[in-house]
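Chains as they are written, first to last, in my numbering: chain A, 192 to 809; chain B, 3 to 381.
Each residue gets a CB set at the ideal place from its N, CA and C atoms; glycine is no exception.
Computed from a predicted structure; not experimentally measured.
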């Protein structure tokens, strides 16, 4: 009762101490609650998301500095060096070591010459390069420069001389188009580098074998993992992954033969292609005029480049695989197979050549190169003396469709598939091609002109050599190739390149391969042959065919007039030897060289001589 | 009983040391906790200062000074506080005003006054002077604050907070207001007022936004989206979260925090030192530090609740709340829970004003506890 009254009379406000303790309890609860939130956040950061933040911290403090791989060496088939790496000295600046960057550059300029161009490039690179990477100031120091710099480097803590491999082509212009060259990677190439293999100072193959086999030659870059601080300065190296050197390549060419071909062409513009009919291996491939590929390493100077591009002879142009010429009479042996195949003639068919051919029912007159004609002519004579009228009439009878179809078998009108970039396909004339390209109908006269390799015909020297090799090899069709073997520096193994072959051409009478070969031998051997000039002291039988393709308007070439260079005929020659067991097939084109037998023939003969005499050696 | 001489010596020496502390009016447990926190701070400061001993030495001198102040303040009787509170407050206001005329400008704000020997941050002193005056005002009656006294209290809070906000130092101003409100809350402010206050704050937020400096708005925006400006305003919080997160459970070990060692972490000796600790000692290290802070805070609250008078009770709890606020705001800011406000981590961050202020507060609590009446003690 008493108790109840006391509760009833409880004061409205609690005692001060009780109220305080209640508030204190609230405060404590609030504190514990906030601490709980804080702990949850720490659990999230430090335990749940630890991996994420750990990666970020590692990413913060480490950088990968690429180490570029040494580029593979290029050899010829016997191991003669075509492209190698030689040390070149460069002066580079490490900004984290330099105390006074601008001062050091000025000081260094007193010791070695630093062109304005290099200085501008240096300051541009300073802005875009992270501080842990060194920046090249001057490349390609001479030994005198190095000797002068080395003892004075102590005064420049940021400077250092580094030896870098520099590409060198010991054969200079002899192998220029074939081997190609490397140059500094362009911004566009760098942006199309999904694997991230290249750096801004990488060199990349820009032409020839260097370009085609870039991914074999380049290798795999390695890297150094370095630790950097917040200012990007390197602190220490954490680890190194060495680069994988690029594979070395053995090419099918013979450097000696290459030199012979180049010397034989001399100062004339043109191309020589020699290959092995058994394997399709290119033995020599020369395009003239050439250029020095060493000019392109480390970037070509503008003046050099402009001189090359403005040269009317286009030295940078690889005539051997991209030059397109009318084959002229060299096409006749191939057309002969089409004529025989379709039964237009037999080896015994004989017609009379009066010096002209007129398409029946028209007044179109096609002249022979011999104005008074060759008289009675069979196939043997037609090839030996290159009788135009014989082929005019027979091809007209054959028709363009059958010619087009059959000559495709010899690889005309499409790329040979050689393992080099930039090959052109030439033109195998056909009504469809004319319609698509010139939007004009095909005339009978076009067929007649196609019979002597003129008109719309275009072949590359490589195509011509390839077709000759097919003929020499009795129909074997090996795809021409330049790669002989790959040397893998990691395994130390030499991996031979695989040959690629198409189905061989089969003749109803296989003896006709030999027959045409003998006819072509007659071209050289017979006193009336168009290349009789090559017949002297011949240690082995050569089969050949001359071609003299008109560059200007149609005219008789019998009377040799001194024409301006640009209007002179292109000299063409194909050959293989020995006739019955061919080891080498050659095609030569000399631009504006005049007569095929006189201008191009001796070049082919020199190449064959060099090869076969070397061939007999052990 | 066979007790070895050394053991008996140890048994004797401890109580005698404790007696010495007691005679100085110091609480041994709180003192040990404070020394532990400070020592942990010195250890972390060693790496944060790039392994340079000079920073640790300077901080040790400040701590020594702070503990000296603590001992000195502990000798002050209750009556003296009542006498000194208004004058201390007035002095603080004068200093806050003076900042605008003779203050040192750093990073666009004037917060420091240089007295030649020492540089003082009046904003930090206000954090002790304001609760002291409020406690003085509110302990004069056992009733909850209302009417005129509430109005007066509001004014006393607004004056220093406004001055600090003008420096501009929004973080400290908010903390000053917060500690003032905590005192009002502890004094028994009616829940209705509290609810009204919260609603009022929410309503005034858009207005406050308009009066903020651009860098202050930027800080709040960056707090909401740190990736907004990863190399500028967001850099601090991103790098500190990376440091904390990369610490993991056990941390990378002392002197092995790459974020701190390689200087990715900004302000690592002062406001962001917690991230250094978190990176080197991991979650376990941060947990230990948080538990130490809680121990300090709860020991002070315990001492406060057993006091015999309202003034001591309120003052003690206010100082506990102040230390808690400091510690929590700093850790929450560094770990990304609050916007970057630039408040130091108590007893750990490099810097003198905060250490001396807070240790003086702890000294006051200890002194008041030592002088409580024994009658209350038995209640």
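Any C-beta of chain E under 7 Å from that of residue 261 (chain B): You won't find chain E in this structure, because its protein chains are A and B.
Residue 299 (chain B) versus chain A: which residues are under 8 Å apart at the beta carbon? 222, listed in chain order.
Quick one: is residue 424 (chain A) near chain B, going by C-beta distance under 7 Å? False, the Cβ-Cβ gap to chain B never drops below 7 Å.
Measuring straight from C-alpha to C-alpha, what distance separates residue 360 (chain A) and residue 722 (chain A)? Those two C-alpha atoms are separated by around 37 Å.
What do you get for residue 691 (chain A), buried or exposed, if any count of 16 or more other CB atoms within 10 angstroms of its CB means buried? Sixteen is the threshold: since fewer than 16 other Cβ atoms of the shown chains lie within 10 Å of the Cβ of residue 691 (chain A), the residue is exposed.
Output, in chain order, the set of chain A residues within a Cβ distance shorter than 7 Å of residue 144 (chain B). Around residue 144 (chain B), the beta-carbon contacts reaching into chain A at under 7 Å are 207.
Considering only residues of the same chain and omitting the five flanking positions on each side of residue 790 (chain A), which have a CB-CB separation below 7 Å? Only residues of its own chain outside the window of five on either side were considered, and among them 762, 781 and 784 have a CB closer than 7 Å to the CB of residue 790 (chain A), listed in chain order.
Chain-ordered residues of the region 274–300 of chain A with a beta carbon less than 8 Å from chain B: So nothing in the stretch comes that close.
Starting from residue 476 (chain A), follow its DSSP beta bridges and name the residues at the other end. BP columns for residue 476 (chain A) point to A:464.
Does DSSP put residue 195 (chain B) in a helix, in a strand, or in coil? Residue 195 (chain B) falls in the helix class under three-state DSSP.
Does the region 576–585 of chain A come close enough to the region 547–564 of chain A to have 3 or more Cβ pairs within less than 8 Å? As far as the Cβ criterion goes, the region 576–585 of chain A touches the region 547–564 of chain A, which means the pair count is three or higher.
How close, in whole Å, do the beta carbons of residue 243 (chain A) and residue 247 (chain B) come, if the pair is a contact with beta carbons under 8 Å? Right, their Cβ atoms sit about 7 Å apart.
Quick one: what does DSSP say residue 372 (chain B) is sitting in, helix, strand or coil? Three-state result, residue 372 (chain B): helix.
Assuming residue 659 (chain A) and residue 529 (chain A) form a contact by the criterion Cβ under 8 Å, report the distance between their Cβ atoms to the nearest whole angstrom. Residue 659 (chain A) to residue 529 (chain A), Cβ: 16 Å. No contact.
Whole angstroms are fine: how far does the CA of residue 336 (chain B) sit from the CA of residue 835 (chain A)? In the structure as shown, chain A starts at 192 and stops at 809, and residue 835 (chain A) therefore has no counterpart that could be examined.
Neighbour flag for residue 216 (chain A) against chain B, beta carbons, 7 Å: No, residue 216 (chain A) lies away from the interface with chain B (no Cβ there is under 7 Å from its Cβ).
Is the Cβ of residue 479 (chain A) closer than 7 Å to any Cβ of chain B? Not closer than 7 Å to any Cβ of chain B, the Cβ of residue 479 (chain A) fails to qualify, so no.
Any C-beta of chain A under 7 Å from that of residue 285 (chain B): Yes - at least one Cβ of chain A is within 7 Å of the one on residue 285 (chain B).
Is the Cβ-Cβ distance between residue 150 (chain B) and residue 357 (chain B) less than 7 Å? Not in contact: residue 150 (chain B) and residue 357 (chain B) (Cβ atoms no closer than 7 Å).
Taking the alpha helix (DSSP H) that residue 406 (chain A) falls in, what are its first and last residues? Its alpha helix (DSSP H) spans residues 405–409.
What's the call for residue 772 (chain A), buried or exposed, on a 16-neighbour Cβ count within 10 Å? Using a 10 angstroms sphere on the CB of residue 772 (chain A), the tally of other CB atoms stays under 16, which defines it as exposed.
Residue 352 (chain A), enclosing beta strand (DSSP E) - first and last residue: It spans 350–359 - the beta strand (DSSP E) in which residue 352 (chain A) sits, taken as one unbroken run.
Using a Cβ-Cβ distance cut-off of 7 Å, determine whether residue 210 (chain A) contacts chain B. Taking Cβ atoms only, chain B reaches closer than 7 Å to residue 210 (chain A), which makes this a yes.
Mind the definition here: the region 438–452 of chain A touches the region 270–278 of chain A only if three or more C-beta pairs lie below 8 Å; say whether that holds. Contact holds between the region 438–452 of chain A and the region 270–278 of chain A, because three or more Cβ pairs, one in each stretch, are under 8 Å apart.
Please report how far the alpha carbon of residue 199 (chain B) lies from the alpha carbon of residue 293 (chain B), in whole angstroms. The alpha-carbon atoms of residue 199 (chain B) and residue 293 (chain B) are separated by roughly 31 Å.
Just to check my reading of the structure: residue 72 (chain B) and residue 362 (chain B) have Cβ atoms closer than 8 Å, yes? What is that Cβ distance to the nearest angstrom? Rounded, the Cβ-Cβ distance is 6 Å, consistent with contact.
Mapping the DSSP letters down to three states, classify residue 18 (chain B) as helix, strand or coil. Three-state result, residue 18 (chain B): helix.
When the Cα of residue 414 (chain A) is compared with those of A:438, A:389, A:405 and A:406, which residue comes out closest? Of all alpha-carbon atoms in A:438, A:389, A:405 and A:406, the one lying nearest the alpha-carbon of residue 414 (chain A) is that of A:389.
If you reduce the DSSP assignment to three classes, tell me which class residue 643 (chain A) lands in. Here residue 643 (chain A) carries a coil assignment [DSSP, helix/strand/coil].
Cβ neighbour criterion (16 or more within 10 Å) applied to residue 511 (chain A): Around the beta-carbon of residue 511 (chain A), 16 or more other beta-carbon atoms lie within 10 Å, marking it buried.
Please identify the residue among B:314, B:21 and B:339 whose C-alpha is closest to the C-alpha of residue 368 (chain B). Considering only B:314, B:21 and B:339, the residue with the shortest C-alpha distance to residue 368 (chain B) is B:314.
Interface residues of chain B facing residue 226 (chain A) [CB-CB closer than 8 Å]: Those within 8 Å of residue 226 (chain A) in chain B are 292, 296 and 330.
Find out if the Cβ-Cβ distance for the pair residue 367 (chain A), residue 484 (chain A) is shorter than 7 Å. Against a cut-off of 7 Å, the Cβ pair of residue 484 (chain A) and residue 367 (chain A) comes out as a contact.
For residue 768 (chain A), name the three-state secondary structure that DSSP assigns. Residue state, collapsed to three classes: strand.
Using a threshold of 7 Å, state whether the C-beta atoms of residue 535 (chain A) and residue 585 (chain A) are closer than that. Cβ atoms of residue 535 (chain A) and residue 585 (chain A): closer than 7 Å.
Quick one: Cα of residue 146 (chain A) to Cα of residue 283 (chain B), how far? The first residue shown for chain A is 192 and the last is 809, placing residue 146 (chain A) beyond what the model contains.
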